[in-house]
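Trainee:
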Amino acid sequence: MKSYDMMELAARNLGQSKLRNGLTTIGISVGVASLVAMLSLGVGLQQLATKRLAGSGMFDTVFVACKVDARGWDREEDRKDQNLEKAPALDEAARDKMAHLPYVTEVEPEIRVMGEILYGGQTHFGFVTGLPMSARENEAFDSLQGKFFSRSDADEVILLNDFAKELDPKDPKTLIGKEVTLRYGEHQPLAAGAQASGTPELGAQGSGSNSNDDYGFSVVRKTQPLKVVGIIDEEPYGGMRTVSRGRIFLPVDLTEKLNMAQFSDMRSPLRGQGKTFMTLTVRVKDPAKVAQVQDAIKHMGFRTFSVLDATKSLRRFFTVLDLFLGIFGSLALAVATLAIINTLVMAVLERRREIGVMKAIGASDADVKQLFFAEAGAMGFLGGVLGIALGFAIGKAINIGTGIYLHNHQLPAEPVWILPAWLIGAAIVFSIAVSLLAGLYPASRAARLDPVQTLKYE
Amino acid sequence: MNPSSGPHAVQTENVCRYYPMGSAVIRAVDGISLTIDRGEFVALLGQSGSGKSTLLNLLAGLDRATSGSVIVQGRDLAGLSSVELARYRRNDVGMVFQAFHLISSMTIMENVELPMRFAEVERSERAQRVRESLERVGLGKRLEHRPSELSGGEQQRVSIARALVNRPSLFLADEPTGNLDSRTGEDILVLIRDLSLSTGMTVVMVTHERALAERFAQRLVFLADGKLISSQPIPSTSSGQALSPKGEQDGAPMRGLAGSEEARA
Chain L
1036 MKSYDMMELA
1046 ARNLGQSKLR
1056 NGLTTIGISV
1066 GVASLVAMLS
1076 LGVGLQQLAT
1086 KRLAGSGMFD
1096 TVFVACKVDA
1106 RGWDREEDRK
1116 DQNLEKAPAL
1126 DEAARDKMAH
1136 LPYVTEVEPE
1146 IRVMGEILYG
1156 GQTHFGFVTG
1166 LPMSARENEA
1176 FDSLQGKFFS
1186 RSDADEVILL
1196 NDFAKELDPK
1206 DPKTLIGKEV
1216 TLRYGEHQPL
1226 AAGAQASGTP
1236 ELGAQGSGSN
1246 SNDDYGFSVV
1256 RKTQPLKVVG
1266 IIDEEPYGGM
1276 RTVSRGRIFL
1286 PVDLTEKLNM
1296 AQFSDMRSPL
1306 RGQGKTFMTL
1316 TVRVKDPAKV
1326 AQVQDAIKHM
1336 GFRTFSVLDA
1346 TKSLRRFFTV
1356 LDLFLGIFGS
1366 LALAVATLAI
1376 INTLVMAVLE
1386 RRREIGVMKA
1396 IGASDADVKQ
1406 LFFAEAGAMG
1416 FLGGVLGIAL
1426 GFAIGKAINI
1436 GTGIYLHNHQ
1446 LPAEPVWILP
1456 AWLIGAAIVF
1466 SIAVSLLAGL
1476 YPASRAARLD
1486 PVQTLKYE
Chain D
951 MNPSSGPHAV
961 QTENVCRYYP
971 MGSAVIRAVD
981 GISLTIDRGE
991 FVALLGQSGS
1001 GKSTLLNLLA
1011 GLDRATSGSV
1021 IVQGRDLAGL
1031 SSVELARYRR
1041 NDVGMVFQAF
1051 HLISSMTIME
1061 NVELPMRFAE
1071 VERSERAQRV
1081 RESLERVGLG
1091 KRLEHRPSEL
1101 SGGEQQRVSI
1111 ARALVNRPSL
1121 FLADEPTGNL
1131 DSRTGEDILV
1141 LIRDLSLSTG
1151 MTVVMVTHER
1161 ALAERFAQRL
1171 VFLADGKLIS
1181 SQPIPSTSSG
1191 QALSPKGEQD
1201 GAPMRGLAGS
1211 EEARA
C-alpha cells in the first residue's frame, strides 16, 4: 500500500471514533507537556545559573595563586604536587610574564586591606578593595549612583551603600562629590638599621637567625584624601571572593601605588621571599580563550581557578537534575503509552470484521500492521504538537508564578523556564517513537487476525 | 505460471482442511478433488457444515489447506508466501459474501476504491475504474452514500463492483443471495452470470438454494461432511440458454428495473 493511502486510511479510522482517539491524544499531550515542562524547567534553571555567573563578569577571568597558598583548592592537584617548597612564587616577575601571555588584558592583584575613613570628625572602619577598570561591566554597577572611577589611579573612592549610610545616615547620596580621608597601613621595606632602632609603629620581621632579616617590612600609618564619586548597593564579584566584605572601593592602581600592607604580606618574611601576591586576577579577552590562558599559567607552575571549573560541576549538577525532571515528566508519558495500547487494542477488537474484509480484498498482513502503526504514529504526532503547546502554557504559567513570587520578595523577575527549539523537535520525535512502540502489540495482533474467523456470518 | 497455459482455472487434488477442536479434529474439507474450467460457473451445494464455505476460502487464498493441493491457473497456493497470497487475493480473486461486508464508514465509491489502494493502482486511474465497476453492476448514482443507506440488493451490487475493480479471473461468491429476497437474489445472480459471460471469469458460488443454482450455474457440485458427493453438469437447455448473447440483452432492462425498485424500497 502506498504511504499516502495508508495515511488517508489511518486518518479516516482515527476520525471514526473521535472521542476515544481524541482522549487518547490528549493523554499523550499531557504526557508530552509534563516532559516538556520539566525539561525546559531544567534548561531554564541552568541558563539562569549560567547567566548569573556570566553577569558576575567571571567567565573571562582566571584566578592564579602560588601552589603553596592554593592548598585545598583542588585535592587531586594537591596530591600531584608533593614538593611545594620548589613552587614558584607569585611575584611581580610572574605577574609581568602573565600580562604578556596572549589574550590577557589585565593582571591585577586582589587587594583587600583594613582601612578607616575619616569623615565629619568620625572614624569609620571598613575593608578597602582595589577594583580594576573592567569592573565597570560588573552587574554590581547596574545600581551605581554617581560615577565610576575616572582613571585607574585616580584619588577617588566608591562606597558601598551600607557604608555610606554609616557616614551620613540621613542622605548618603549627598556624599558624592565630597572629600573623605582614608587612613591605611603602608607596606615599607625595612630601612637599614631600622630593626635596631625599632621605629616602626607596627613591625613584622624575619626570624633574625640569619640574613633572612631582609625580608621583614614595616607597616606605617598613612592617610590619603579621596573624592567620593559613586555609591553602589552590592559588592562587585560578591560571592566569588574571600570572606570579608569590601565596603570601600579604590581604583586598583591607586591601591598599588599607595602600597597598602595586606595580611598576606605576612607570608613573605616567613618564607623568605620578597613581595608576593596572594592571588592574581587574570582577565582574558575572550571567554573561549580562558582554558588556553589557564593552561599557560598552569604551565608556569601556578595553581589556577576559573568559572569554567565551577561550571563543570554546575553542569554535572544540572545533568542529574535534568535526568530527574525527565524521569518525572516521563511518568505521565508512560501512562499515556498504556492509553495508546488500550485504544488500539479496542480498535482492533472493534474492527475485526473490517480487518478481515481488507485482507479478503487483498491487504497483506504488513498492510494491516502498517495501518495501525500509522494510526499510532498520527496520535503520537498530534499528541506531541498539542503537548508542546500545553507544555508551553504550563511553562509560561511557571514563569508568571515565579515572577509574582520574586516581585513579592522585592526581587527582579527572571524567566526560570525556557523552551529551546531542540526540545520542541525532540519532544515530537519522542512522542511519535513512544506511540509507535505502543502500537507494536495492537498492530501485530491486528495483522495476525484470521480473516476466515472474522468474516464468518453472524 | 502463465494463466493461459493451464487447461483448468481451478484444480484441487485431495485437498483437506482440518481444524483442531479440543481433543477432536473437525474435518471441514476432507479430500476433495475438483477441476473447474476457465469461464465456468460452478455452484457448490450442501448442508451447512458440509465444507462448502471452507473450500471456497481455500480457493480464495484466505485459508491454507492442511494437505492436498489447490492449483489456480497453474499456481499451487500452498507454495505461496503470505505476501504472495495477499497479492493473489487482490489481483486474481474477487469475492462477495452473504453479509456483503462493506465498510460502513466508507462511501460507496470509497468501498469500491479500497482494493485498488492495496493493489497500488495509480490515483488518477481510480475514479474512472470505480465508475466503470459500478456501472457494470447497474449503479451509477448515489456514489457518495454510505452502504447503510442502500437496499440489500444494492449493497450486494456494490460488493460485486468492489470484487470486480481489480479485474479478477476468479470470482468467488459465498451465499450471495442469502440475505436477499428471492426476486433481488435472482437479479444478483443474473448480474453475476452476465459478468462471467462478458469477462470470461470463472465463478464459484456457494449456495444452498438448489433451484437458483440450477437456473444459473453450469455445474452443481454437492458436498457433504467435507467430501465431494457428486458433480452434475446442467444440461444446456436450462442454463445454456442464458449463455446466448440474447440472454445478456434480456438481463439489461431487468437490471435497470430491479435497481429502481430497490431504490424506492
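Quick note, the sequences are listed as chains L and D, same order.
Residue numbers 1036 to 1493, in this note's numbering, belong to the letters of the first sequence in order.
Residue numbers 951 to 1215, in this note's numbering, belong to the letters of the second sequence in order.
No residue lacks a Cβ here, since even glycine has one placed at the ideal position from N, Cα and C.
These numbers come from a predicted model, not from an experiment.
Please list, in chain order, the residues of the stretch 1053-1065 of chain D that have any C-beta partner in chain L closer than 9 angstroms.
Mentor: I1053, S1054, S1055, M1056, E1060, L1064 and P1065
Trainee: Among the residues of its own chain, which have a CB less than 7 angstroms from the CB of A1084(L), if the five just before and after it don't count?
Mentor: L1349
Trainee: Per DSSP, what kind of secondary structure is A1481(L) in: helix, strand or coil?
Mentor: Note: A1481(L) maps to helix in three-state DSSP.
Trainee: Does any CB atom of chain L fall closer than 8 angstroms to the CB of D1175(D)?
Mentor: no
Trainee: Would you check if there are 3 or more beta carbon pairs closer than 8 angstroms linking the stretch 1067-1080 of chain L to the stretch 1354-1374 of chain L?
Mentor: The stretch 1067-1080 of chain L vs the stretch 1354-1374 of chain L: in contact.
Trainee: Within this structure, are the beta carbons of A1175(L) and A1409(L) separated by less than 8 angstroms?
Mentor: no
Trainee: From K1208(L) to N1443(L), what does the alpha carbon distance come to, in whole angstroms?
Mentor: Rounded to the nearest angstrom, the two C-alpha atoms are 27 angstroms apart.
Trainee: Can you grab the Cα-Cα spacing for the pair I1021(D) / L995(D), in whole Å?
Mentor: 21 angstroms
Trainee: Strictly below 8 angstroms CB to CB, what residues from chain L border H958(D)?
Mentor: Within chain L, no residue comes near H958(D); the closest Cβ sits about 23 angstroms away, beyond 8 angstroms.
Trainee: So, at 8 angstroms on beta carbons, what are the nonlocal neighbours of V1062(D) in its own chain, with the 5 sequence-adjacent residues on each side left out?
Mentor: V1080, S1083, L1084, V1108, A1111, R1112 and V1115, listed in sequence order.
Trainee: When the cut-off is 8 angstroms and only beta carbons count, does G1397(L) lie next to chain D?
Mentor: yes
Trainee: Leaving out five residues on either side along the sequence, give the residues of the same chain with a beta carbon under 6 angstroms from the beta carbon of L1178(D).
Mentor: So the list reads I982, once near-sequence residues are dropped.
Trainee: Against M1036(L), what residues of chain D qualify as contacts under a CB-to-CB distance less than 8 angstroms, listed in chain order?
Mentor: R1067, F1068 and E1070
Trainee: Should A1077(D) be flagged as near chain L, meaning a C-beta pair shorter than 8 angstroms?
Mentor: In terms of beta-carbon proximity, A1077(D) stays away from the interface with chain L, with every pair separated by 8 angstroms or more.
Trainee: Within the same chain, show all residues whose beta-carbon is closer than 7 angstroms to that of D1505(L), passing over the 5 residues directly before and after it, in chain order.
Mentor: Residue 1505(L) is absent from the model: chain L starts at 1036 and stops at 1493.
Trainee: Can you say whether V1263(L) is buried or exposed, counting buried as having 16 or more other CB atoms within 10 angstroms of its CB?
Mentor: Answer is buried; the Cβ neighbour count reaches 16.
Trainee: Under 7 angstroms, CB to CB, which of the residues in the stretch 985-1005 of chain D have a partner in chain L?
Mentor: So the list is empty, because no residue satisfies the distance condition.
Trainee: Give the secondary structure of Y1154(L) by DSSP, where H, G and I count as helix, E and B as strand, and everything else as coil.
Mentor: Residue state, collapsed to three classes: strand.
Trainee: Which bits of chain D does L1446(L) rub up against, with CB to CB less than 8 angstroms?
Mentor: Under the 8 angstroms cutoff, chain D gives no residues; its nearest Cβ is about 58 angstroms from L1446(L).
Trainee: Would you decide whether S1470(L) is buried or exposed? Buried here means 16 or more other CB atoms lie within 10 Å of its CB.
Mentor: S1470(L) is buried by the Cβ-count criterion.
Trainee: What's the C-alpha gap between G1176(D) and E1072(D)?
Mentor: 42 angstroms
Trainee: Can L1173(D) and S1000(D) be called in contact, C-beta distance under 8 angstroms?
Mentor: Yes.
Trainee: Since A1164(L) and T1216(L) are thought to touch, with beta carbons under 8 angstroms apart, how far apart are those beta carbons, to the nearest angstrom?
Mentor: Reading off the sequence shown, one finds Thr at residue 1164(L), where the question assumed Ala. In fact, because the Cβ distance is near 18 angstroms, the residues do not count as touching under 8 angstroms.
Trainee: Less than 6 angstroms between C-beta atoms, sequence neighbours within five positions excluded: which residues of the same chain meet that for F1184(L)?
Mentor: E1191 and P1286
Trainee: The stretch 1122-1133 of chain D: which residues have C-beta closer than 7 angstroms to a C-beta of chain L, in chain order?
Mentor: none
Trainee: Between the stretch 1088-1097 of chain D and the stretch 1046-1061 of chain D, are three or more C-beta pairs nearer than 8 angstroms?
Mentor: yes
Trainee: Between which two residues does the alpha helix (DSSP H) holding H1334(L) run?
Mentor: V1325 to H1334
Trainee: Which residues, in order along the stretch 1072-1101 of chain D, keep a beta-carbon less than 9 angstroms from a beta-carbon of chain L?
Mentor: The stretch 1072-1101 of chain D vs chain L, Cβ under 9 angstroms: R1073.
Trainee: Would you grab the beta carbon distance between G1011(D) and R967(D) for me? Rounded to a whole angstrom, and I think it's under 8 angstroms.
Mentor: Not quite, the Cβ-Cβ distance comes to about 13 angstroms (not below 8 angstroms), so this is no contact.
Trainee: Would you mind giving the Cβ-Cβ distance between L1417(L) and T1060(L), rounded to the nearest angstrom? I have them listed as a contact below 8 angstroms.
Mentor: 5 angstroms
Trainee: For D1013(D), return the contacting residues in chain L, with the cut-off set at a CB-CB distance below 7 angstroms.
Mentor: V1487
Trainee: On the three-state DSSP scale, how would you describe A1163(D)?
Mentor: helix
Trainee: Give me the Cβ distance between G1397(L) and F1068(D), rounded to the nearest whole Å; I'm assuming they're in contact under 8 angstroms.
Mentor: With 8 angstroms as the limit, G1397(L) and F1068(D) qualify as a contact, their Cβ atoms being about 4 angstroms apart.
Trainee: Please report how far the alpha carbon of Q1240(L) lies from the alpha carbon of E1127(L), in whole angstroms.
Mentor: Legend: pLDDT at Q1240(L) = 45, less than 50; position of this residue unreliable, value from coordinates given subsequently. Going from the Cα of Q1240(L) to the Cα of E1127(L) covers about 21 angstroms.
Trainee: Skipping 5 residues on each side, what residues in its chain have a beta carbon closer than 6 angstroms to that of L1356(L)?
Mentor: G1077
Trainee: Check the Cβ-Cβ distances between D1040(L) and every residue of chain D, and say whether any is below 8 angstroms.
Mentor: Put simply, the CB of D1040(L) is near chain D, with a gap under 8 angstroms to one of its CB atoms.
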